[in-house]
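Protein chains in written order, with my numbering: chain F, 1 to 143; chain A, 1 to 143. Here's the structure, in structure tokens; my notes come after.
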DNA sequence: ATTTAAATGCAATTATGTTGCTTTAGTTGT
DNA sequence: ACAACTAAAGCAACATAATTGCATTTAAAT
Ligand SMILES: [Mn+2]
Ligand SMILES: [Mn+2]
Ligand SMILES: [Zn+2]
Ligand SMILES: [Zn+2]
């Protein structure tokens with residue numbers, strides 16, 4: 001997802017600050033999601049922890065980032081598709097969480113439709129597959 | 001899921017302690033999953049926090065409980081089906097997390113099969129639907 | 001340039017989870 | 001029933017994650 005942080009801020013009428021630009025830049029570096037702890041490690045010298053939390057929350061609210069929880073309950077962030085808005089995240093793709101390297105991928109796989117029991121009304125469905133990712137599969141073969 | 005805590009402990013060759021029995025009793029009270037914070041609130045006077053964590057971890061390892069992470073990264077626990085073992089959790093059903101009352105249900109809906117991209121090998125797939133549960137739907141109608 | 005409002009940074013607090021070590025209590029064998 | 005052994009519980013300390021209130025800074029608007 002190739003984005004221009006400054007434009008993104010404008011589009012969502014968010015004040016342009018160097019902290020906000022840095023966070024977006026950092027997350028946009030990779031298509032793989034990045035965790036809050038990783039972000040804090042990378043940006044902790046430039047940006048206060050609290051500010052980072054606030055920026056991530058705002059980005060999620062605005063539909064700029066989407067948050068994927070891993071099995072340890074750690075928040076991971078990835079750039080949303082441009083179709084996402086504050087009201088509705090178009091995040092109905094499957095995520096893949098590698099149990100080896102713990103990378104989280106946004107797959108180009110739609111979450112399958114499924115029928116809810118009587119009385120249950122699903123608004124969004126979240127699917128995460130756990131297993132070995134392509135990079136880790138390759139590494140195993142090499143050895 | 002009607003279970004006898006004492007039997008469960010025997011079956012998994014776990015020492016029978018009053019703390020372990022209490023935790024299982026508490027979780028078995030409801031088919032709906034219960035969160036770690038709720039458990040701590042209910043049992044905190046009888047059982048030390050650390051002990052509770054250790055019991056929950058052991059139960060998960062042994063395949064007695066399964067852990068469902070909600071969207072806030074909070075651990076929720078429910079009794080596993082009897083088919084679950086330490087090696088393999090038969091947890092391939094869909095979970096439903098009510099966005100109103102935040103209850104987590106284990107639905108009798110299988111996680112649909114889906115194809116992973118080249119190179120990705122999924123071992124388990126986790127699906128959680130978010131929306132309004134049956135109880136909350138009813139309450140809305142009443143008003 | 002001045003004003004205004006919003007965002008940042010900092011300190012303090014709460015929640016969550018883990019580790020090492022001591023004490024307690026089940027279990028096993030006599 | 002008792003002793004011996006071992007696993008589990010409890011406690012203190014620590015680590016990390018997340019939130020809140022408030023003072024200060026900075027971007028945007030006039
Ligand atoms: Mn995604
Ligand atoms: Mn379940
Ligand atoms: Zn991997
Ligand atoms: Zn509900």
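For each residue, glycine too, the CB sits at the ideal point set by N, CA and C. For clarity, every value in this text was computed on a predicted model and none was experimentally measured.
In terms of side-chain proximity, the C-beta atom of residue 100(F) is found nearer than 7 Å to a non-hydrogen atom of ligand 3.
Against chain A, the CB of residue 68(F) has no partner CB under 8 Å away; the residue lies outside that interface.
Here residue 122(F) has 116 as same chain residues with Cβ atoms under 7 Å from its own Cβ, once five neighbours each way along the sequence are excluded. In the three-state reduction of the DSSP assignment, residue 7(F) falls in the helix class, which pools H, G and I.
Partner residues in the beta bridge of residue 110(F), as assigned by DSSP, are 93(F). In its chain, beyond the 5 residues on either side, 96, 98, 100, 101, 103, 105 have a beta carbon closer than 8 Å to the beta carbon of residue 133(F). In the structure shown, the three-state DSSP call for residue 65(A) is strand. Counting C-beta atoms within 10 angstroms of its own C-beta, residue 127(F) has 16 or more neighbours from the protein chains shown and is therefore classed as buried. The straight-line gap separating the alpha-carbon atoms of residue 114(F) and residue 12(A) is approximately 35 Å.
The Cβ atoms of residue 51(F) and residue 130(A) do not sit closer than 8 Å to each other.
DSSP places residue 121(A) inside the beta strand (DSSP E), whose first and last residues are 121-132.
In summary, the residues of the region 105-126 of chain A whose CB is separated from some CB of chain F by less than 9 Å are 105, 107, 108, 109, 110, 111, 112, 113, 114, 115, 116, 117, 118, 119, 120, 121, 122, 123, 124, 125, 126, in the order they occur in the chain. Around the beta carbon of residue 16(F), fewer than 16 other beta carbons sit within 10 angstroms, so the residue counts as exposed.
The C-beta of residue 137(F) comes closer than 8 Å to at least one C-beta of chain A. Excluding the 5 residues flanking it on each side, residue 108(F) has same chain C-beta neighbours closer than 7 Å at 93, in chain order.
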